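J.:
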Amino acid sequence: MDAPMTAEEEQERQQGGRKWRQSGGGPAEKRQPSVPCWFCLSNKDADHIMVLAVGHIQSLVAVSAEVRDEVEKYRDVLTLFYDARRKLLVMFEGNFETGHL
């Protein structure tokens, strides 16, 4: 059996492993960033584009070659678009388990 947690360990566990900053007086996620986050949808200086399949799919791994090829074409064109503006394209896929797929 594990030893009981200290009050500090319990507080950290309840905060999802995030420690309170000594100088800030609150958890890190509640502080305002000093510069806009490049990823946040609320950042007006960042371009956010969603490339989605028309059909209801869970993951690109599970799609036909035709759908995968079309997504890759969008990726390639967007890469050229951002390269011309000396910017980088960042892509990721969110894969969420649902009860109906």
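Residue numbers (UniProt numbering): 1 to 101.
Quick reminder that beta carbons are idealized off the backbone N, C-alpha and C, glycines included.
For clarity, every value in this text was computed on a predicted model and none was experimentally measured.
1) Helix, strand or coil for Thr-6? Go by DSSP, reduced to three states.
2) Comparing alpha-carbon positions, which option in Cys-40, Val-54 and Gly-55 lies nearest His-48?
3) Give me, in chain order, the residues of the same chain whose beta-carbon lies closer than 8 Å to that of Asn-43; leave out the 5 immediate sequence neighbours on both sides.
4) Between which residues of its own chain and Leu-60 is the CB-CB distance below 7 Å, once the five residues before and five after are set aside?
5) So what's Asp-69 in DSSP terms, helix, strand or just coil?
T.: In short:
1) coil
2) Cys-40
3) Pro-36 and Cys-37
4) Arg-68, Val-71 and Glu-93
5) helix
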